[in-house]
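K.L.:
This structure is in structure tokens; I'll ask about it shortly.
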Amino acid sequence: MSSKPHAIDRRRFLQGTGIALALPRLESFASDSATPSENPRRFVSVYHPDGVGLPLKNDPAWTDWSWFPQPGEGERDFQLTKVLDVL
């Protein structure tokens with residue numbers, strides 16, 4: 001019985017699988033000598049397939065209850081509305 005040239009035996013497969021599963025855990029054993037950034041980068045995605053009821057733009061409640069952050073002083077400084085405040 002000849003084996004295929006690209007086939008691996010069960011032992012090598014299990015060994016490779018074990019190593020692949022253990023690699024992400026090795027990062028937790030690394031020293032924390034690198035200084036972390038001051039503000040972690042975050043990504044938030046909100047999907048509403050049927051839309052969202054918003055106040056009209058001329059309504060005073062629009063600035064508080066809009067789903068869109070209000071622009072701040074800089075191009076990356078946004079003021080979160082009451083809806084987004086929990087983020």
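Throughout the sequence shown, residue numbering follows the numbering used here, covering 1 to 87 in sequence.
Beta carbons: idealized from backbone N, C-alpha and C, even for Gly.
Inspect the beta-carbon positions of residue 83 and residue 65 and report whether they are closer than 7 Å.
P.N.:
By one-based count along the sequence shown, residue 83 stands at place 83. By one-based count along the sequence shown, residue 65 stands at place 65. The answer is yes: Cβ separation under 7 Å.
K.L.:
In this structure, does DSSP put residue 24 in helix, strand or coil?
P.N.:
Taking the sequence shown and counting its residues from 1, one reaches residue 24 at position 24. Note: residue 24 maps to helix in three-state DSSP.
K.L.:
Going along the chain, which residues of its own chain have a beta-carbon closer than 7 Å to the beta-carbon of residue 52, five neighbours each way excluded?
P.N.:
Numbered from 1 along the sequence shown, position 52 holds the residue referred to as residue 52. Correct list, in chain order: 67.
K.L.:
Measure the alpha-carbon distance for residue 57 versus residue 26 and round it to whole angstroms.
P.N.:
Here the question's residue 57 lines up with position 57 in the sequence shown. Here the question's residue 26 lines up with position 26 in the sequence shown. Cα-Cα distance, rounded: 51 Å.
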